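Residues in the sequence shown are numbered consecutively from 1, following UniProt numbering.
Cβ coordinates follow ideal geometry from the N, Cα and C atoms, glycine included.
Quick caveat: nothing in here was measured; it's all calculated off a predicted structure.
What follows is a short report on a single structure.
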Amino acid sequence: MKGKGWRKLHYLLAAVAGFFILLASGTGLILSIEPFVLHQYAVSGEIDKNLKFNELQNKLQEDFLEVFSLEKDSYGNIKIEGIGLEADGTFFLSANSGEIVEAPQPVATVFNFSRDLHRSLFLKTPGRVLMGITSFAMLFLAISGIALWLKRAGGVRGVLKSIPIIEFNRDRHAYWSRLFILPIIFIAASGLYLSIDRFAELGKESTTSSKTRPLLSDIKLKDVDAVVFPVMEEEPLIIETKSGAAHYVNGELLEFYPKATSANLRKWSFMVHTGEGSRPIALILGLSSLVLLFLTYSGFRMLPAALKKRGNSQEDIENKDLIIAVGSETGHTWRFAESLSKSLSACDIDHALIGMDQLKNCKGEKTILFLVSTYGDGEAPGNAEDFESKIQDIFAEAERLNFGVLGFGSTDYPAYCAYAKELRNQLLSIKNSREVMPYETVNNRSVSDFVEWVKGLNKSMNYQLKIDTAALNPERRKQLSSFEVLDKKEITELLFLRIDLDKSSYVRSGDLLAVYPPDENIERYYSIAIDPETKDMILLVKPTGLCSNYLASLSAGDKFEAFVKRNPSFYKPEGSVLMIANGTGIAPFLGMLTPSDSLFWGCKYRRQHDLIHSFFENQNVNITYSKEASKAHVQDLLSEEKNMIEKVLKSNGSIMICGSLSMLKGTTEVLNQIFTESGLPDIRELKKQGRILIDCY
Ligand SMILES: Cc1cc2nc3c(=O)[nH]c(=O)nc-3n(C[C@H](O)[C@H](O)[C@H](O)COP(=O)(O)O)c2cc1C
1 MKGKGWRKLH YLLAAVAGFF ILLASGTGLI LSIEPFVLHQ YAVSGEIDKN
51 LKFNELQNKL QEDFLEVFSL EKDSYGNIKI EGIGLEADGT FFLSANSGEI
101 VEAPQPVATV FNFSRDLHRS LFLKTPGRVL MGITSFAMLF LAISGIALWL
151 KRAGGVRGVL KSIPIIEFNR DRHAYWSRLF ILPIIFIAAS GLYLSIDRFA
201 ELGKESTTSS KTRPLLSDIK LKDVDAVVFP VMEEEPLIIE TKSGAAHYVN
251 GELLEFYPKA TSANLRKWSF MVHTGEGSRP IALILGLSSL VLLFLTYSGF
301 RMLPAALKKR GNSQEDIENK DLIIAVGSET GHTWRFAESL SKSLSACDID
351 HALIGMDQLK NCKGEKTILF LVSTYGDGEA PGNAEDFESK IQDIFAEAER
401 LNFGVLGFGS TDYPAYCAYA KELRNQLLSI KNSREVMPYE TVNNRSVSDF
451 VEWVKGLNKS MNYQLKIDTA ALNPERRKQL SSFEVLDKKE ITELLFLRID
501 LDKSSYVRSG DLLAVYPPDE NIERYYSIAI DPETKDMILL VKPTGLCSNY
551 LASLSAGDKF EAFVKRNPSF YKPEGSVLMI ANGTGIAPFL GMLTPSDSLF
601 WGCKYRRQHD LIHSFFENQN VNITYSKEAS KAHVQDLLSE EKNMIEKVLK
651 SNGSIMICGS LSMLKGTTEV LNQIFTESGL PDIRELKKQG RILIDCY
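Here it is in structure tokens:
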């Protein structure tokens with residue numbers, strides 16, 4: 001089955017069985033507490049491992065007129081039914097003295113109530129059947145979940161990789177289900193087995209006699225599970241142990257019925273499913289129930305978007321010249337495509353919106369705008385999985401294909417927008433194809449990236465589209481903190497902000513500050529430094545956009561709303577570090593620089609240096625100015641530092657790069673050349689080893 005099929009199965013099962021799973025998890029959570037509160041439940045004490053069953057039997061003959069049965073419960077209690085010298089009924093015995101001990105306290109109503117609800121929804125047999133089916137659905141949810149998880153990870157190799165948390169419900173759902181997959185499978189499988197066992201009456205003991213013939217005098221009390229005592233003389237004494245049931249008459253072994261595997265399986269399933277008698281298992285069950293509750297909640301939050309039918313069908317596109325084709329795994333790209341479609345309609349531009357799996361047999365001249373995400377480890381999203389194998393057929397009859405590709409992805413993943421790039425190459429190889437819109441990307445569903453692309457589209461196609469950004473539903477994060485500006489300085493296009501920070505805060509240099517301009521729901525990220533001396537937060541901003549102009553309008557004492565996004569992939573590594581930055585990209589390094597590091601910074605004007613020179617005292621800093629006489633860029637400085645760069649890397653040091661993408665491009669070229677000449681691994685390999693860290697935008 002393909003990723004799409006597994007996803008459908010997963011959602012279908014969740015939609016059908018979700019309510020019952022919720023019920024079973026809630027009651028399961030309550031029941032998992034039982035072994036912890038019933039601490040006085042074990043009243044029989046520890047059984048001496050050498051104590052023989054015979055010895056207890058002799059004691060019983062002294063104290064009871066008649067004993068009918070003996071049973072050991074999962075708490076190790078010895079429970080007997082019989083007629084005592086003073087009373088008759090059920091008694092608990094001390095394991096070693098054989099004397100009657102105080103009966104355990106009754107079980108709290110909440111546990112009995114939860115147990116009945118958990119097992120049968122108070123509906124007796126139909127309820128038990130329903131809960132059996134729920135276990136079955138849960139097992140298949142776990143199996144389809146594993147398939148989705150493999151797809152998400154881009155194959156088996158990636159399953160243990162960390163999961164970036166970009167979207168709370170989706171990514172935490174994946175995170176927690178991965179962590180608890182084994183207990184969840186055990187819970188579902190044991191629940192299913194217990195249900196089947198009850199209805200199919202599995203586990204009847206085999207009557208095959210065994211070669212192991214336990215003598216009555218050898219049986220130890222610790223090995224006994226249950227005993228049925230003879231009432232009439234000709235009846236046998238039946239002793240059940242882990243290995244089977246032995247029948248004795250007058251102390252002689254008459255028959256032995258080894259225990260069938262199914263009986264052991266039943267016992268094992270009961271233990272795994274209830275945790276009765278084992279607090280560690282009960283703890284795992286409790287935590288798993290909590291996780292299941294969360295998975296049901298987050299799954300239901302994702303369900304409406306997943307089940308929504310989107311786009312036109314193949315028939316609708318036949319006489320359209322302009323098509324928006326969407327490749328999406330989890331539905332976000334559709335939101336952008338729909339808002340583009342709306343703005344085209346508002347301008348009376350005839351077009352169709354379609355999923356990539358619906359795109360078949362294009363005839364004549366078509367203009368197709370592909371909006372595609374990347375999934376797994378740089379792979380195609382679900383509805384574009386088969387596109388590559390069909391692409392030649394799809395366009396076989398097209399006279400001309402005008403296309404543009406907009407990639408949706410996240411720089412949190414190493415293969416940023418890899419599928420969009422691959423698709424673009426495939427389209428370029430189609431006969432009569434022409435790229436009419438330059439390839440662009442949208443990082444982390446950035447509305448501003450998308451709006452920029454639409455501006456480009458307007459230019460290329462001579463449109464006047466206006467995107468309704470509110471329709472893209474960017475949500476302002478709920479928990480924002482208020483930050484106070486302590487100091488603000490500005491020198492030619494560079495703004496320096498010192499911001500008050502709770503001194504016990506966990507924030508580190510290299511983290512990001514996400515700021516919302518007033519009346520806007522789209523945050524902008526700024527790399528931050530923590531001043532090593534004062535522990536204040538330092539922000540460097542180029543005041544050219546809506547948010548940076550807002551920050552520029554603030555004065556000391558003003559407050560603004562923001563949150564800190566942890567960015568551990570850009571924390572300073574051990575050892576000496578070569579830091580490379582241009583413009584405001586220097587910000588995180590202001591809090592990282594030590595005398596054993598070197599910093600290369602490219603800025604525009606000499607004056608800008610005055611804003612931050614106090615951070616450079618006794619440090620190894622090299623600066624270029626692109627708007628002064630030298631007109632040099634930071635990469636020009638690097639090409640003269642071959643020996644130093646080689647020395648840093650050969651002594652196990654690292655390189656960190658922060659700033660613009662164009663600086664990254666130039667820097668990468670220079671570094672690659674140096675690495676080749678020095679026999680060092682290439683940038684890709686060093687990045688993999690975590691020795692080149694990049695934060696460019
Ligand atoms: C499991 C997973 C894997 C991803 N892998 C990549 C990737 O390799 N490269 C990338 O640029 N983005 C990757 N992304 C980010 C998505 O492409 C991005 O969130 C996109 O907006 C999702 O759009 P969609 O909901 O339409 O599929 C991944 C997201 C997830 C959840």
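Going by the beta-carbon positions, is the gap between residue i and residue j smaller than 8 Å?
| i | j | result |
| --- | --- | --- |
| I372 | A420 | The residue you asked about is not Ile; residue 372 is Val in the sequence shown. Contact flag set, yes. |
| L29 | L290 | yes |
| L465 | S341 | no |
| K488 | S555 | yes |
| N443 | T411 | yes |
| M656 | L693 | yes |
| I522 | A529 | no |
| residue 709 | D500 | In this structure the chain extends from 1 to 697, so residue 709 is not present and cannot be described. |
| F370 | F336 | no |
| F92 | K79 | yes |
Short of 7 Å in beta carbon distance, which residues of its chain neighbour residue i, apart from the five on each side in sequence? Order them along the chain.
| i | result |
| --- | --- |
| V159 | W149, L150 and A153 |
| D48 | N96 |
| T544 | none |
| T134 | A17, F20, I21 and A24 |
| F180 | S288 and V291 |
| A142 | I181, I184, I185 and A188 |
So the beta strand (DSSP E) residue i belongs to, where does it begin and stop?
| i | result |
| --- | --- |
| C547 | Taken as a continuous stretch (DSSP letters only), C547 belongs to no beta strand (DSSP E), being part of the alpha helix (DSSP H) at L546 to A552. |
| R581 | Here residue 581 turns out to be Ala, not Arg, going by the sequence shown. Run containing A581: V577 to N582, per the beta strand (DSSP E) assignment. |
| V326 | L322 to G327 |
| K466 | Unbroken run through K466: none, as it is neither H nor E. |
| V224 | V224 to V228 |
Could you pull the start and end residues of the alpha helix (DSSP H) that residue i belongs to?
| i | result |
| --- | --- |
| M461 | V447 to M461 |
| S555 | Counting along the chain, S555 falls outside any alpha helix (DSSP H), and DSSP gives it neither H nor E. |
| D63 | F53 to D63 |
| R424 | A418 to L428 |
| I143 | K124 to A153 |
From residue i to residue j, what does the alpha carbon distance come to, in whole angstroms?
| i | j | result |
| --- | --- | --- |
| L56 | L221 | 8 Å |
| Q358 | D502 | 53 Å |
| D116 | S74 | 19 Å |
| G407 | T441 | 4 Å |
| K4 | L237 | 60 Å |
| I612 | D597 | 17 Å |
| I100 | E86 | 11 Å |
| S654 | S504 | 29 Å |
| P681 | Y416 | 22 Å |
| T374 | S162 | 17 Å |
| W601 | V621 | 8 Å |
| P304 | L423 | 29 Å |
| F168 | G659 | 28 Å |
| G203 | L60 | Unreliable positioning characterises G203 in this predicted model, as indicated by a pLDDT of 41, which lies under 50. The coordinate reading is nonetheless provided below. Near 31 Å, if we compare the C-alpha coordinates of L60 and G203. |
| S678 | K642 | 9 Å |
| E669 | K687 | 15 Å |
| D197 | T27 | 22 Å |
| P164 | R498 | 30 Å |
| H173 | F387 | 28 Å |
| D377 | N567 | 20 Å |
Exposed or buried, residue i, counting other C-beta atoms within 10 Å across all chains shown (16 or more means buried)?
| i | result |
| --- | --- |
| A587 | buried |
| A352 | buried |
| R606 | exposed |
| S651 | exposed |
| S190 | buried |
| T594 | exposed |
| M232 | exposed |
Leaving aside the five residues before and after residue i along the sequence, list all residues of the same chain whose C-beta is less than 6 Å from its C-beta, in chain order.
| i | result |
| --- | --- |
| E276 | S74 |
| R445 | H332 |
| residue 701 | Given that the chain is displayed from residue 1 to residue 697, the structure contains no residue 701 and the question cannot be resolved. |
| Y525 | L512 and A514 |
| A226 | E71 and E240 |
| G132 | S195 |
| V272 | F186 and S190 |
Please go through the same chain and pick out, in chain order, the residues whose beta-carbon is closer than 8 Å to the beta-carbon of residue i, but skip the five residues on each side of it.
| i | result |
| --- | --- |
| E205 | Caution is warranted here: a pLDDT of 45 is assigned to E205, below 50, making its placement in the model unreliable, and the coordinate value is therefore given only provisionally. Result list for E205: G244, A245, Y257, P258, K259, A260 and A263, in chain order. |
| R170 | S298, M302 and T330 |
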